[in-house]
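Q: Residue numbers (the numbering used here): 101 to 247. No residue lacks a Cβ here, since even glycine has one placed at the ideal position from N, Cα and C. Keep in mind it's a predicted model, so treat the numbers as computed, not measured.
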């Protein structure tokens, strides 16, 4: 998959998350979360936050603050540590827009807001995590579940 196709795919996924949340009656402009993936060793959650809420994050790096707009989507990767407790391993700004989430009307608008640097960093981290998580997850399945 090319970089452009991957960005289009992510934009489409994010757009469907917004549309689905709206259909469920969620006030998408106030922010919401979507748990995309979870296993015993890791989880991937997408957080949709408005500018004022995102800028309240105390450890938000300066370069990321400059990319924050009215609506934002972050990919959050959590990994299991001792005792199975999950700890945040990465937070990546992958999309931002001057429009409120409720005003996004197409996947093309989502694609326009994709943050290439954040998406690239997220992609590299999730590939690494999945490479190491898949064998652990398979090993933790009971023999009758592994088939």
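Could you check where the alpha helix (DSSP H) with residue 108 kicks off and where it finishes?
A: Segment 103–123, the alpha helix (DSSP H) holding residue 108.
Q: Please identify the residue among 137, 174 and 136 whose C-alpha is closest to the C-alpha of residue 150.
A: Of the residues 137, 174 and 136, the one whose Cα lies closest to the Cα of residue 150 is 174.
Q: Taking only the alpha-carbon atoms, compute the straight-line gap between residue 132 and residue 155 and give it to the nearest angstrom.
A: 16 Å
Q: Assuming residue 204 contacts residue 148 under a Cβ cut-off of 8 Å, what Cβ separation, rounded to an integer in Å, is found between them?
A: The pair is not a contact, with the Cβ atoms about 10 Å apart (cut-off 8 Å).
Q: Nearest to residue 167 by alpha carbon, out of 198, 139 and 185?
A: 198
Q: Could you check what DSSP says for residue 232 in three-state terms: helix, strand or coil?
A: Here residue 232 sits in helix by DSSP.
Q: Tell me whether the stretch 206–221 and the stretch 101–111 touch, counting them as touching only if at least three CB pairs, one residue from each stretch, are closer than 8 Å.
A: yes
Q: Under 8 Å between the Cβ atoms of residue 191 and residue 219?
A: no
Q: Can you grab the Cα-Cα spacing for the pair residue 153 / residue 182, in whole Å?
A: 31 Å
Q: Unbroken alpha helix (DSSP H) runs of length 4 or more, entirely within the stretch 141–167: which are they?
A: Whole alpha helix (DSSP H) segments, 4+ residues: 151–154 and 162–167.
Q: My guess is that residue 226 and residue 144 are in contact by the Cβ rule of under 8 Å, so how many angstroms apart are they, rounded?
A: 7 Å
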